[in-house]
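When the letters of the sequence shown are read in order and numbered with the UniProt record's numbering, they come out as residues 1 to 263.
Every residue gets a Cβ at the ideal spot worked out from N, C-alpha and C, and that includes glycine.
Take a look at the structure set out below.
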Amino acid sequence: MIAERYPEDAWIHAYTDGSATNAVANGGAGVLVRSPEGHTSTAGIPTGKYCSNYAAEVQAIMQAASMILDSESECPQVVFLSDALSSLEALAGNKLPRLMEKLQELAKTRRVVLQWVPAHCGIPGNETADELAKLGAREEQPDNPVSFAEKKTLVKAAMRPQSTRDAYHLLERWQQVVIMRLRTGHCRLNAHMFRKLKLTPSPTCPCGLEDQTPEHVLMTCPQLKPIRDKVWPASVPLRTKLYGSRQDLEATTSFVSQTNLMV
């Protein structure tokens, strides 16, 4: 789809990703920029001792925009390819003025498109940006100022029960992404995509019974019952599926994987 919609001979491709240790510290931003002229630029930069995944992802988009502004490419079209759904939503809601200003500067001379891409689905550019973000997170970290919102994130993480915190952070990165999206509801299920982004025609689940929310998918959707019964032969509460042990969380990510749902 990406190659068809944004052919590489007509678009600058900017893949971005962000990473933070335990989701709240030692951030890194990863960027891969390819131009139709055949030039490739990369960056893996540290984003701060106290930095969330979200803040690192925003910084990655900012870095990519700066790299394109400084490039010699004359291509009039650029697409930012990011799996950071929350960052793209924040941009759509005008909640990131500094980043919006940078993108507007870029848009003075180019057509700019922000395109969500699924995480950890084998898209080479996205996987490279992910690795660059992890490299950036391992660099010496600057003492960047921490916003009030970031402070709230850090406090919540510190107050979370240790067992829950350890279970989540023992997961692989793609599993962490799945669990966090299910916990927050900021995901690609119909209910969220319809209400927040208007990217689906309806919030309703394909089963037709109710809105496609994380709770519906994990607990009641009749179309997913065979897989649900296979993963959880006995009844398991929603809280355990989302906040339980490592084994509980791995069962949840296994369920999502088997359903082929893009959360």
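If distances are taken between C-alpha atoms only, which option among the options comes closest to residue i?
i           : options                  : result
P206        : E215, L224 and L197      : L224
V112        : A119, L103 and Q175      : L103
S147        : T252, G48 and G38        : G48
I2          : E57, A84, T109 and P118  : P118
residue 264 : M262, T252 and E139      : In the structure as shown, the chain begins at 1 and stops at 263. Residue 264 is therefore absent and cannot be evaluated.
M193        : T128, G30, E89 and R183  : E89
G28         : H216, A137 and L249      : A137
G38         : N260, A55 and C75        : C75
C221        : T184, P201, P97 and T259 : T259
I45         : K134, D70 and Y168       : K134
What residues in its chain sit with their C-beta under 8 Å from that of residue i, if we drop five residues either side in the sequence?
i    : result
G125 : H13, Y15, L32, R34 and L81
Might you give, ordered along the chain, the residues of its own chain that have their beta carbon closer than 6 Å to the beta carbon of residue i, omitting 5 neighbours on each side?
i    : result
Q212 : L189, N190, A191 and C205
Hey, could you find the ends of the beta strand (DSSP E) residue i is sitting in?
i    : result
W116 : R111 to W116
G125 : Per DSSP, G125 belongs to no beta strand (DSSP E); it is in the alpha helix (DSSP H), P124 to A137.
T21  : I12 to T21
Measuring straight from C-alpha to C-alpha, what distance separates residue i and residue j?
i    : j    : result
E131 : A20  : 12 Å
S163 : S245 : Note that S163 has pLDDT 47, beneath the 50 cutoff, so the model's placement of it is unreliable and the number below is only indicative. Straight-line Cα distance between these residues: approximately 7 Å.
G18  : P203 : 29 Å
E127 : H186 : 22 Å
P7   : N53  : 29 Å
V256 : E72  : 43 Å
L106 : R228 : 47 Å
P233 : V178 : 22 Å
L249 : K196 : 26 Å
D83  : W116 : 5 Å
Y50  : N144 : 8 Å
L114 : G30  : 16 Å
N94  : K152 : 21 Å
R183 : A55  : 19 Å
T40  : M67  : 11 Å
D70  : P201 : 39 Å
M219 : R239 : 11 Å
Between which two residues does the alpha helix (DSSP H) containing residue i stretch?
i    : result
T184 : R173 to T184
K225 : K225 to V231
V256 : R246 to T259
G44  : Taken as a continuous stretch (DSSP letters only), G44 belongs to no alpha helix (DSSP H), being part of the beta strand (DSSP E) at T40 to Y50.
L32  : Not the alpha helix (DSSP H): L32 falls in the beta strand (DSSP E), residues A25 to R34.
L99  : P97 to A107
L242 : L238 to Y243
Excluding the five sequence neighbours on either side, which residues of its own chain have a C-beta within less than 7 Å of the C-beta of residue i, listed in chain order?
i    : result
R181 : C187 and V263
**Asked** At a cut of 8 Å, does the stretch 169-183 reach the stretch 63-71 through at least three beta carbon pairs?
**Response** Result no; under three Cβ-Cβ pairs closer than 8 Å.
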